[in-house]
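Structure first, then comments.
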Amino acid sequence: DHILSEYTRVTSEGGRLSDVLSGYIDPDDGIAPPAEVPPPVDPKAAKAEGADDDEEESADASDEEDEVESGPDPVIAQQRFGAVSDQMEITRKALKKFGRDDKHAIAEMVALAELFMPIKLVPKQFEGLVERVRGALERLRAQERAIMQLC
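Just so we're aligned, residue 1 is where the sequence shown starts under UniProt numbering, counting upward by one.
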C-alpha cells in the first residue's frame, strides 16, 4: 500500500519517479543465451575492424549513460504499478472471502509477489518496508516475553 501511494503521489504531484524506484530486475540479467555468445574471432581480422568497433562502443556507452541518468521509464512504471494495484485489489478480495490460509488466497498473494518482485526500490522505500516488518517482529517478541513471564 505504501509503495503504491508513494508512486501515486510522485506521478500526481510531478515528482521524480527515481524517488520511488531505481529500475526493474530483468530475469535474463547475468544469463547469456547461447545465441548471443560471439563466435571465436581471428585476431588478425579483429585488428582491422578494431577502429570501427571502438567508435561504436563509445557511442553505445554514451547512450547507456543517458538512459541511466533519465531514470526508470514512466510508461513501464505505469504498466507495472497498474498491474500491482489491480492484483492488490484481487488479493484483498480473496483474503476477505477465503482467509489467509486458503489455497485461492495464497495463489493470489503469490501472483502479487510475482508482479512486485521485479521492481527495484530505492533504499529509502525499501527501508520503510523493512521497518514495518521489524516493528511487527518487535511487537511479537514483546508479546512472547509477556507470555513467558506469565508461565
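Each residue gets a CB set at the ideal place from its N, CA and C atoms; glycine is no exception.
- The Cβ neighbour count for Thr91, taken over all protein chains shown within 10 Å, is at least 16; the residue is labelled buried.
- According to the DSSP assignment, Ile90 belongs to the alpha helix (DSSP H) that extends over 74-98.
- By the Cβ criterion, the stretch 2-10 is not in contact with the stretch 99-106, since fewer than three pairs of Cβ atoms, one from each stretch, lie closer than 8 Å.
- Measuring C-alpha to C-alpha distances from His2 to each of Gln125, Ile76, Val110 identifies Gln125 as the nearest.
- Per DSSP, reduced to three states, the secondary structure at Ile3 is helical.
- For Ile25, no alpha helix (DSSP H) run applies, since DSSP gives it neither H nor E.
- For Phe81, the CB contacts under 7 Å within the same chain, skipping 5 residues up- and downstream, are Leu4, Tyr7 in chain order.
- Beta bridge pairing from DSSP links Leu150 with no other residue.
- Note: Ile119 is bridge-paired with Tyr24 in the DSSP secondary-structure output.
- For the pair Asp26 and Gln78, the Cα-to-Cα distance works out to about 17 Å.
- Annotation: Val110 to Gly135 spans about 23 Å, alpha carbon to alpha carbon.
- When secondary structure is reduced to three states using DSSP, Gly128 falls in the helix class.
- The beta carbon of Leu17 lies closer than 7 Å to those of Val10, Gly71, Pro72, Pro74, Ala77 in the same chain, with the five residues before and after it left out.
- With respect to the C-alpha of Ala83, the residue from Leu95, Ala94, Phe98, Ile119 having the closest C-alpha is Ile119.
- Contact annotation: Ser22 and Val122 have beta-carbon atoms nearer than 8 Å.
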